[in-house]
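Residue numbers (my numbering): 450 to 705. Glycine residues also receive a C-beta, built at the ideal position from the N, C-alpha and C atoms. Quick caveat: nothing in here was measured; it's all calculated off a predicted structure.
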DNA sequence: ATGGCGCGCGCAGCGCGA
C-alpha cells in the first residue's frame, strides 16, 4: 500500500493539484495539512468522485488536517488528548488494523516567541500520546508536517539555520524522543544522503536552487518499518503553477 | 541586505507560515 502526506497550504487553492496528484499516484491514504477549510466547506464530493473517502478536522483561515482514503475510515481522535487547544492539527483514523495519525505540528515562529513554547509543549504531549498509541496500534503510521528538520543533512544551509526555529536543539530532541519510542523515520530507512527536502521558501527562487528543508515526515511503528519498501519525496508538484511550498512524501508498505 | 512570496480575510494591509 501507498500512504502519503502533503501540506497543501490551502485546500481551496490546491484542490486541483491534489486531484491531479491522486490520479497520477493512486495512494491508498493521503494525509493533508493546512487545509485552511471549515468542515462545512470541505470538498467531500470532489474526492468521492475521485474514489476517495474523506475525514477532516478544520477551522477557518488557519491549520486544518484531513485524511483521504480508498477504504472507509474510522475516526479515533481529532485532538491531542489532555491538551487544551482550539487549533485543528490532529486527526487519528484507523483502516482495519492500520492506524494513521495525521499531524500538523506548530511552526513555532521563532525560538523566543510564545508560539515556540506552545510548539514544545505540544510536542511533549504528542510524545506521551505516542507511547500509548504504539501500545494500542502495532501498525501505526504517524505522518505529516512536523516542522522539524531532524538533522543537519535535512537542511540546505545548516550554518545559517543553526539554532533557528525548525532546526533548534529542543525541537530536534522532541523529534528524537519519538524515534526513541521505536518509531522510524521511513525516509531514512532508504536514503542516507543530504539534499533531500520537502519544503522550499516561496521567496528567492529557493526551489530552483534547492534551498530547502526536510520537515515533512512519515514515521512507522516497528511492525510497519519492517514492511517499508520505499519512501519517496515527489518534487514534481512543487514545480507546478501556483504550488504549495511543501511537496508530497509517500511511503510504500509491502504486504498490506 | 531580515526583504524577497503566498495564503486568508476582505477590500488595505496585516498576521502568519517556515
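Own chain, CB closer than 8 angstroms to residue i, minus 5 neighbours either side, in chain order
i           : result
residue 499 : 468, 471 and 472
residue 527 : 506, 537, 539, 540 and 541
Where residue i sits in the DSSP three-state scheme
i           : result
residue 644 : coil
residue 781 : A query on residue 781 cannot be resolved here, the shown segment of the chain reaching from 450 to 705 and no further.
residue 562 : coil
residue 689 : coil
residue 611 : coil
6 angstroms Cβ shell around residue i - same chain, five flanking residues per side excluded
i           : result
residue 519 : 477
residue 453 : 476, 479, 697 and 699
residue 649 : 655, 656 and 661
residue 484 : 460, 507, 513 and 515
residue 554 : 595 and 596
residue 548 : 586 and 589
residue 551 : 480, 514, 516, 540 and 593
Identity of the residue in the options nearest residue i by Cα
i           : options               : result
residue 683 : 530, 672, 561 and 636 : 636
residue 571 : 534, 632 and 615      : 534
residue 578 : 562, 561 and 540      : 540
residue 670 : 590, 465, 580 and 574 : 590
residue 674 : 575, 639, 688 and 569 : 639
residue 592 : 503, 559, 575 and 521 : 575
residue 646 : 605, 611 and 451      : 605
residue 694 : 455, 491 and 504      : 455
Close beta carbons around residue i, own chain, < 7 angstroms, minus the five adjacent residues each side
i           : result
residue 634 : 599, 628, 666 and 668
residue 523 : 542 and 543
One or two residues paired with residue i in a DSSP bridge
i           : result
residue 523 : 543
residue 633 : 669
Would you check if the segment 611 to 620 and the segment 553 to 570 touch, i.e. whether three or more CB-CB distances between them fall below 8 angstroms? yes
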